[in-house]
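Shown next, in structure tokens, is the structure this report addresses.
In mature numbering (1 follows the signal peptide of the UniProt record, and there is no 0), the protein residues as written are -25 to -1, 1 to 354.
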């Protein structure tokens, strides 16, 4: 017995010494990983495996060395060319799924109102407020329909998709201002808890940042948030940005073009401004949030960090991590996309308030838009 107690004490002492030494070593010297070959993920869905079979390995050096536009005119031309396929895909998807969309202006902001061919009775008085992705520069106009049309179709819920202003003409905080402007109008027409807000990638970042801004202004909050594979910070510091570099088939690496687009969006804002990098913000009083990522996602750590921050603040947050998924792979048609929409439907039904009718007392009072906007630099 005595020997056992002594052995246990020695073991604990050795462990307590070894752990700090390991930490010190890792801080002094970066971990070096040998070049390796990754097999197809055995337990990933067949749709994801098929996509990985067909997709070439991300060319890291090609991405890093991709020519970067240098002046605003070059950026605008590059974005216009980049978005052409997405715009066509959005139009065709709406036709295929028989989803109607109309362009409107809400509080000075361009939006699409999207109506599925069938609205679920449980969502007849609900609304999904969509914030599109695209590295803060791309994915606007009818390209935003690629995501918002699917949301409307699969949830059988009306959607308003915000075509927010973008850099280079309108860097941060223009996008957050536009989301807040639209939200401040919508809450005068329907109760805030009858609506949820969400988007993927940059849309996940903007959803999170906009929810913070809405809370800080004291406006009624969305009933729930969908935060898909968000960029939690604009610095290239989260762990998976290194671990999944060259593995994420959609992003490849943060360095190069994505880093440059993020810099265009950032403008003169502080990198640690929570309305730009929401991980640096406070999450008290945050709406219930559903976060989605994948094991090969470059932004896996961003998603995990936001999930933990929301929960640590005492709010509800669900985290869904899909096997073998790169950035945004839950949009690949197949069993994982079906599962994702099933989870999103359950989450929406759980947290949205289903009104039979709206009463005046359920609605917010109008606010002056110019009084709730973050000051913008005139370019």
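Glycine included, every Cβ here is placed at the ideal spot set by N, Cα and C.
Select from 104, 134 and 98 the residue whose C-alpha is nearest the C-alpha of residue 186.
104
Option nearest residue 208 by Cα separation, candidates 327, 233 and 82
233
Are residue 146 and residue 240 closer than 7 Å when you measure CB to CB?
yes
Can you pull the DSSP bridge partners for residue 85?
80
Element boundaries [alpha helix (DSSP H), containing residue 174]:
First-last for residue 174: 170 to 175, but that is the beta strand (DSSP E), not the alpha helix (DSSP H).
Residue span of the alpha helix (DSSP H) that contains residue 61, given as start and end:
47 to 71
Taking a contact to mean a Cβ-Cβ separation below 7 Å, would you say residue 89 touches residue 131 in this structure?
no
To which residues of the same chain is residue 269 closer than 8 Å at the C-beta, ignoring the five residues directly before and after it?
204, 275, 296, 297, 298, 299, 300, 301, 302, 304 and 305
From which residue to which residue does the beta strand (DSSP E) around residue 200 run?
199 to 203
Start and end of the beta strand (DSSP E) containing residue 312?
Not the beta strand (DSSP E): residue 312 falls in the alpha helix (DSSP H), residues 310 to 326.
If you follow the alpha helix (DSSP H) that residue 123 is in, where does it begin and where does it stop?
120 to 130
Check whether the Cβ atoms of residue 74 and residue 127 sit closer than 7 Å, and answer yes or no.
yes
In this structure, does DSSP put residue 191 in helix, strand or coil?
helix
For the 8 Å Cβ check, are there 3 or more pairs between the region 181 to 200 and the region 214 to 222?
no
Give me the Cα-Cα distance between residue 138 and residue 47, rounded to the nearest whole angstrom.
20 Å
So, with DSSP's three-state summary, where would you put residue 345?
helix
With a cut-off of 8 Å, do at least 3 Cβ pairs link the region 247 to 263 to the region 25 to 36?
no
Expressed to the nearest angstrom, what Euclidean distance is found between the alpha-carbon atoms of residue 1 and residue 273?
Bear in mind that the predicted position of residue 1 carries a pLDDT of just 44, short of 50, making it too unreliable to give a figure here.
Within 10 Å of its beta-carbon, does residue 107 have 16 or more other beta-carbons around it, so buried, or fewer, so exposed?
buried
Should residue 200 and residue 172 be called a contact, given that it needs their Cβ atoms to be closer than 7 Å?
yes
Contact check, residue 197 vs residue 170, beta carbons under 7 Å
yes
Return the first residue and the last residue of the alpha helix (DSSP H) that residue 240 is part of.
232 to 241
Contact defined as beta carbons within less than 8 Å: I believe residue 157 pairs with residue 181. What is the distance between those atoms, to the nearest angstrom?
Not really, about 12 Å apart at Cβ, beyond 8 Å.
On the CB-based measure, 16 or more other CB atoms within 10 Å of its CB, does residue 356 come out buried or exposed?
No statement about residue 356 is possible, as the shown extent of the chain runs from -25 to 354 and does not include it.
Between the alpha carbons of residue 288 and residue 322, how many angstroms are there, rounded?
20 Å
Residues near residue 118 in its chain [Cβ-Cβ closer than 8 Å; skip 5 each side]
58, 61, 62, 64, 65, 107 and 109
Around the Cβ of residue 259, are there at least 16 other Cβ atoms within 10 angstroms (buried) or fewer (exposed)?
exposed
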